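Asker: Provided herewith is a single structure, encoded as structure tokens, for subsequent inquiry.
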Amino acid sequence: SLDPLVGTGRIDFIADLGAQMPMRTIGMLLGIPEEDQEAVRDFANDQMRTEEGKPMEVSTESLASGELFEKYVDWRAENPSDDIISELLNVEFEDETGTLRHLTRAEILTYINVVSGAGNETTTRLIGWAGKVLSEHPDQRRELVRNPALIPAAIEELLRYEPPAPHVARYVTRDIDFHGTTVPEGSAMMMLIGAANRDHRQFAPDGDVFDIHRESKPHLAFSVGTHFCMGSALARLEGRIALEEILKRFPEWEADATNAALSPTSTVRGWESMPATF
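If you count the sequence shown from 1, position 126 lands on 106 in the numbering used here, and the numbers rise without skipping.
Right, dumping it as structure tokens:
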């Protein structure tokens, strides 16, 4: 709850909200007991952590592993409920071979591992960016206070302006011409979503400007096509609710950039700490 912070003069957009709200939300949806949700969040975060000058210790096998979640799957197999784990245990589908089947245990564990991490980390960073960017644009923040109907557009602009997942790597499966350059089959590509989201051709006249009144156009914060983020609607909903509740209680704040700290992660970009005074 944000209420205990009212009148204290300080808030940390990560510690006080960003690290709490997404964890509780995805934990509830998956069916993780409340007392275990913090440990699950920390486990997911550790898989994405990097140390300056050193390679990541995580392997493909560990990213696919879901050993931490085995006890929850076993419990739900005997005690089904209305959560995602129960749905995964009971879903029946036709796979790529035409076989009608259930998910294997390994598939269920991998799914839970990936979703728990994605559902925690990215929305946490979105909330941190809201604290920083709206501190830097106080006039637009005050507009949101006066007119909360603008908040969904502000969340969309935050996602475009500072996407929590700013890059993605892909292998090229066939030769492709891209803006006059042929990228050969077998190439590895690092696509900079953060740069594309500020392309002046798409976001004219100046993609580097934060503007909650910007004309709505597609951005790449949630990727596109096959890889489009399946949690995009939830992330937008969480972002909107978080910003509504913040602005109700703290219409004015100034980010404490001196004591802010970037999160040392490989796949997302955002803040480990984003303190502010009000």
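By construction, the Cβ of each residue, glycine as well, lies at the ideal position given by its N, Cα and C atoms.
As the structure is a computational prediction, the values presented were derived from the model and not from experiment.
Are residue 88 and residue 114 close, meaning C-beta to C-beta below 9 Å?
Answerer: Cβ distance not < 9 Å, so residue 88 and residue 114 don't count as in contact.
Asker: Just to confirm, is the Cβ distance from residue 110 to residue 9 under 9 Å?
Answerer: Their beta carbons are not under 9 Å apart, which means residue 110 does not touch residue 9 by this criterion.
Asker: If I'm right that residue 130 touches residue 192 with Cβ under 8 Å, what's the distance once you round it to whole angstroms?
Answerer: With a Cβ gap of about 6 Å, residue 130 and residue 192 count as contacting.
Asker: Do residue -3 and residue 173 have their beta-carbon atoms positioned less than 9 Å apart in this structure?
Answerer: Cβ distance not < 9 Å, so residue 173 and residue -3 don't count as in contact.
Asker: Have a look at 144, 210, -16, 201 and flag the residue whose alpha-carbon is nearest the alpha-carbon of residue 108.
Answerer: That would be 144, whose Cα lies nearest to the Cα of residue 108.
Asker: Throw me the rounded Cβ distance for the residue 219 and residue 135 pair, which I believe falls under 8 Å.
Answerer: The pair is a contact, with the Cβ atoms about 4 Å apart (cut-off 8 Å).
Asker: Kindly identify the DSSP beta-bridge partner or partners of residue 255.
Answerer: Bridge partners of residue 255: -8.
Asker: Have a look at residue 84 and residue 72 and give me their C-alpha separation to the nearest angstrom.
Answerer: Near 11 Å, if we compare the C-alpha coordinates of residue 72 and residue 84.
Asker: Counting only the same chain and skipping the five closest in sequence on each side, list residues whose C-beta sits under 7 Å from that of residue -5.
Answerer: Answer for residue -5: 253, listed in chain order.
Asker: Residue 26 by DSSP, collapsed to three states: which one?
Answerer: The answer is helix: DSSP assigns residue 26 an H, G or I state.
Asker: Just curious, the alpha helix (DSSP H) that residue 65 is in, first and last residue?
Answerer: From DSSP, the alpha helix (DSSP H) with residue 65 extends over 64 to 70.
Asker: By Cβ distance, which residues of its chain are closer than 7 Å to residue 238, with the 5 residues on each side in sequence left out?
Answerer: Around residue 238: no qualifying Cβ.
Asker: Rounded to a whole number of angstroms, what is the C-alpha to C-alpha distance between residue 179 and residue 201?
Answerer: One C-alpha to the other measures close to 13 Å.
Asker: Going by the beta-carbon positions, is the gap between residue 99 and residue 214 smaller than 9 Å?
Answerer: Yes. Within cutoff.
Asker: For residue 48, collect the residues of the same chain with a Cβ closer than 6 Å to its Cβ; drop the 5 residues on either side in sequence, then sort them by chain order.
Answerer: Only 23 meet the Cβ criterion.
Asker: Going by DSSP in three states, residue 82 sits in which element: helix, strand or coil?
Answerer: In this structure, residue 82 counts as strand in the three-state DSSP scheme.
Asker: For residue 102, which residues in the same chain have their Cβ closer than 7 Å to its Cβ, ignoring the five residues on either side in sequence?
Answerer: For residue 102, where only same-chain residues beyond five positions count, the Cβ hits under 7 Å are 144, 145, 215, 248.
Asker: What whole-angstrom Cβ distance do residue -7 and residue 241 have, given they're in contact under 8 Å?
Answerer: The pair is not a contact, with the Cβ atoms about 12 Å apart (cut-off 8 Å).
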